[in-house]
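What follows is one structure encoded as structure tokens, with my remarks underneath.
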Amino acid sequence: MVNEHIDRLKQKIAVLPDGPGVYQYFNAEGIIIYIGKAKNLKKRVSSYFTKNHEDGKTRILVRKIVDIQHIVVDTEQDALLLENNLIKKYQPRYNVLLKDDKSFPWIVIKNESFPVFFKLVILFGMEVPISGPIPLWEWFEPY
Numbered sequence: 049m050v051n052e053h054i055d056r057l058k059q060k061i062a063v064l065p066d067g068p069g070v071y072q073y074f075n076a077e078g079i080i081i082y083i084g085k086a087k088n089l090k091k092r093v094s095s096y097f098t099k100n101h102e103d104g105k106t107r108i109l110v111r112k113i114v115d116i117q118h119i120v121v122d123t124e125q126d127a128l129l130l131e132n133n134l135i136k137k138y139q140p141r142y143n144v145l146l147k148d149d150k151s152f153p154w155i156v157i158k159n160e161s162f163p164v165f166f167k168l169v170i171l172f173g174m175e176v177p178i179s180g181p182i183p184l185w186e187w188f189e190p191y
């Protein structure tokens, strides 16, 4: 049974595309236990099964994976957005704090004669602008 399970996972990994996307790991009960994104789905997913993991949580996660599903997207940005939405929806056990370590940028619009748009990060509770004004189209793309 275990060998069949491993063979099935290897077959699924072999046919994964090389493009960006989101992958989902399922346990024996059919519950999503981890959701991740990748620039290259095949490389990222296979990395879980081809190297020894120092982190105990990752070793346990890999042992519990019985099925893999993936969603192909057009861009890395689409993968980030989809991953974030799926994590919020399914709240997988192995996604720490139910979110990825990346976050969406804040946009500041000031009430001035000529409004200025710029990215903002929060550092130690302080708002710090990143690189001043940015073009409007950079952050208001349709998703």
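Going by the working numbering, the residue at position 77 of the sequence shown is 125; the numbering climbs one at a time, nothing skipped. All residues carry an ideal CB built from backbone N, CA and C; glycine is no exception.
Sequence-distant residues of the same chain with beta carbon closer than 6 Å to residue 92, five excluded per side | Taking the first residue of the sequence shown as position 1, residue 92 is located at position 44. Excluding the 5 residues flanking it on each side, residue 92 has same chain C-beta neighbours closer than 6 Å at 86, in chain order.
Are the beta-carbon atoms of residue 118 and residue 71 separated by less than 8 Å?
-> What you label residue 118 is simply residue 70 of the sequence shown in a count that begins at 1. What you label residue 71 is simply residue 23 of the sequence shown in a count that begins at 1. Yes, the Cβ-Cβ distance between residue 118 and residue 71 is below 8 Å.
Roughly how many whole angstroms lie between the Cα atoms of residue 60 and residue 82?
-> The count along the sequence shown starts at 1 and reaches residue 60 at position 12. The count along the sequence shown starts at 1 and reaches residue 82 at position 34. So the alpha carbons of these two residues sit roughly 17 Å apart.
Output yes or no for whether 8 Å exceeds the beta carbon distance between residue 114 and residue 53.
-> Translated into positions along the sequence shown, residue 114 becomes position 66. Translated into positions along the sequence shown, residue 53 becomes position 5. Between residue 114 and residue 53, the C-beta gap is smaller than 8 Å, which places the two residues in contact.
Residue 142 and residue 89 look like a contact to me (Cβ under 8 Å); what is the Cβ gap, rounded to whole Å?
-> Start at 1 with the first residue of the sequence shown, and residue 142 comes out as number 94. Start at 1 with the first residue of the sequence shown, and residue 89 comes out as number 41. The Cβ separation is near 18 Å, so there is no contact.
Is there at least one Cβ from chain C nearer than 8 Å to residue 119's Cβ?
-> No chain C is present in this structure, which holds just one protein chain.
Which two residues bound the contiguous beta strand (DSSP E) that contains residue 115?
-> As a first step, residue 115 is located in the sequence shown; it is residue number 67 there, counting from the start. DSSP places residue 115 inside the beta strand (DSSP E), whose first and last residues are 115-120.
Length-filtered (4 minimum) alpha helix (DSSP H) runs lying within the segment 56-127 | Taken in chain order, the complete alpha helix (DSSP H) segments of 4 or more residues contained in the segment 56-127 are 89-98 and 104-112.
Run through DSSP, which three-state label would residue 143 get?
-> The residue you call residue 143 lines up with position 95 of the sequence shown. Correct three-state label for residue 143: coil.
Quick one: Cα of residue 124 to Cα of residue 57, how far?
-> Here residue 124 refers to the residue found at position 76 of the sequence shown. Here residue 57 refers to the residue found at position 9 of the sequence shown. Approximately 24 Å, taken between the alpha carbons.
State the Cα-Cα distance for the pair residue 112 and residue 74, rounded to the nearest angstrom.
-> As a first step, residue 112 is located in the sequence shown; it is residue number 64 there, counting from the start. As a first step, residue 74 is located in the sequence shown; it is residue number 26 there, counting from the start. Rounded to the nearest whole angstrom, the CA to CA distance from residue 112 to residue 74 is 8 Å.
Can the beta-carbon of residue 68 be found less than 8 Å from the beta-carbon of residue 127?
-> The residue labelled residue 68 in the question sits at position 20 within the sequence shown. The residue labelled residue 127 in the question sits at position 79 within the sequence shown. Yes.
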